[in-house]
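Okay, so here's the structure we're looking at.
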Amino acid sequence: MLIRRSYLQSKLETELALALTDLGIKFTPYVRLPQRLRYAYDVGLDDLNALIEYHPAARLADISAVVSKARIADVDIALARVADGSVVAFLDACPHRGASFAKTRLLANDTAAQCPYHGFTYNLRDGLLQSGLGCSEGCGRLAMLPVFVDDGLVWHGYRTITGETRIACTAEQVLDNICDNIHLPMVHTFGNREDPVPHEYIALRSSPHDGVATFRYCTSSTSAFAFLSKSKYLAVLNEYRLPFTVGTTVTTEDGLVKVICAHARDVGPRECAVFWSLTRNFMTSPLLDPVVDGIMRMTLAEDAAILVKCDPRHARGKFHSRYDALQVMRRHAMRNLGR
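As numbered in my numbering, residues 58 to 396 make up the sequence shown, in order.
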């Protein structure tokens, strides 16, 4: 339910497929992660690195100082025209309690949006909270989204890179590792050793083939988000889809989103190929792709450094912690899949 294969469903995607075919690129089914844009493509599409995934959100003529609502691939987006005539976009959910801004009129000479539920007002230049009962200025922020106008349409987009990495371990070890939450502070540079606890951890089996875990993680001083966001917490969503797909979505309090989707398969007795995609709504310039690619490969290298020292014969373990719940769910589901 949470990660599933789907086929072309819209005219935009059909046109993209035809364009790629003309370039000699095979368009394959993508992996869809509901609650996020459908941007995690299937394995082997490295040529998509040159493309920015933009989706038409609305006609420019329909955007005014009254907030409009668009829905793109299960994501509700608010659109409005601010005082200088430009268009802004943000997730249509007040960060206080999730209320929609649709059909509300901008305030402060069309520079601010007000939540109709509790009256919190946000500056649309940076999304920061301007005023609200019982709150200090700047304590909350709208999730602002990248947007541009072309041919009379307002487009909203994310950028994706893809790659392949070989690791000297089994595919099952890699997939198990991505479902593992508590290795982050010990293994990764971006991990928070000062507060390694996954807060509000919940793991659920959504179907015989799917599972998800959600938790909040304190931002560390070594995380890339420490330089890009003032968010104190990161919201993490880990998912698996049998047999060989896993995904991780990380969202900051101010709306930065990073999604990693990975597939792994064995290519030798102790070697596997990991096919991955990373999508984000920050650092979206193509010039920054090498930086993002380098961070992703460094993260995989840190995983590889510990996994090559782990004997797969002992991977089952003698005991589990409460934060191993998603791992254990996936292992049980894999055993049931083989019956």
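Built from N, CA and C at the ideal position, the CB exists for glycine as well.
Just so it is clear, the structure is predicted and the values come from calculations on it, not from any experiment.
Beta-carbon spacing of residue i, residue j below 8 Å
i      : j      : result
Asn338 : Tyr179 : no
Thr222 : Leu357 : yes
His245 : Ile134 : no
Val132 : Leu163 : no
Gly304 : Val316 : yes
Leu117 : Val206 : yes
Ala270 : Asn238 : yes
Arg273 : Met386 : no
Arg182 : Thr168 : yes
C-alpha gap between residue i and residue j, whole angstroms
i      : j      : result
Pro173 : Cys329 : 52 Å
Ala137 : Ser125 : 6 Å
Asp267 : Ser277 : 30 Å
Pro152 : His240 : 29 Å
Arg322 : Gly191 : 52 Å
Arg379 : Ala281 : 28 Å
Lys366 : Thr227 : 12 Å
Ala382 : Gly312 : 27 Å
Met243 : Arg250 : 7 Å
Ala319 : Gly351 : 16 Å
Glu296 : Asn166 : 43 Å
Ala107 : Cys236 : Because Ala107 sits at a pLDDT of 33, beneath the cut-off of 50, its placement in the model cannot be relied upon, and the point is left open.
Ala372 : Asp360 : 15 Å
Gly424 : Ile120 : Here the chain comprises residues numbered 58 to 396, so residue 424 is not present and cannot be evaluated.
Ile60  : Arg298 : Model confidence at Ile60 stands at a pLDDT of 30, short of 50, so the residue's coordinates are unreliable and nothing is read from them.
Ser334 : Phe147 : 24 Å
Phe376 : Thr219 : 35 Å
His397 : Ala150 : Only positions 58 to 396 of the chain appear in the structure, and residue 397 is not among them; the question remains open.
Arg388 : Leu232 : 10 Å
Val254 : Val123 : 42 Å
Met391 : Thr302 : 12 Å
Gly184 : Ala159 : 16 Å
Option nearest residue i by Cα separation, candidates the options
i      : options                           : result
Leu344 : Phe158, Pro152, Thr217 and Ser125 : Thr217
Ser286 : Ile134, Ser378, Leu199 and Trp333 : Leu199
Arg327 : Asp368, Val303, Leu299 and Met355 : Asp368
Glu194 : Glu296, Val385 and Phe177         : Phe177
Gly142 : His112, Val211, Ala156 and Val231 : Val211
Pro113 : Val123, Ile129 and Met355         : Ile129
Pro300 : Gly189, Gly395 and Thr161         : Gly395
Arg354 : Ser157, Met391 and Val331         : Val331
Ile259 : Thr279, Val293 and Phe247         : Val293
Asp252 : Glu229, Ala225, Lys289 and Val314 : Lys289
Leu48  : Ala225, Arg370 and Thr309         : A query on residue 48 cannot be resolved here, the shown segment of the chain reaching from 58 to 396 and no further.
Bridge partners - residue i, DSSP secondary structure assignment
i      : result
Val269 : Leu261 and Glu296
Met201 : Phe147
Asn393 : Asn393 is not bridged to any residue.
Test: residue i CB closer than 8 Å to a CB of chain D
i      : result
Pro326 : Protein chain content of the structure displayed is limited to a single chain, and chain D is not contained in it.
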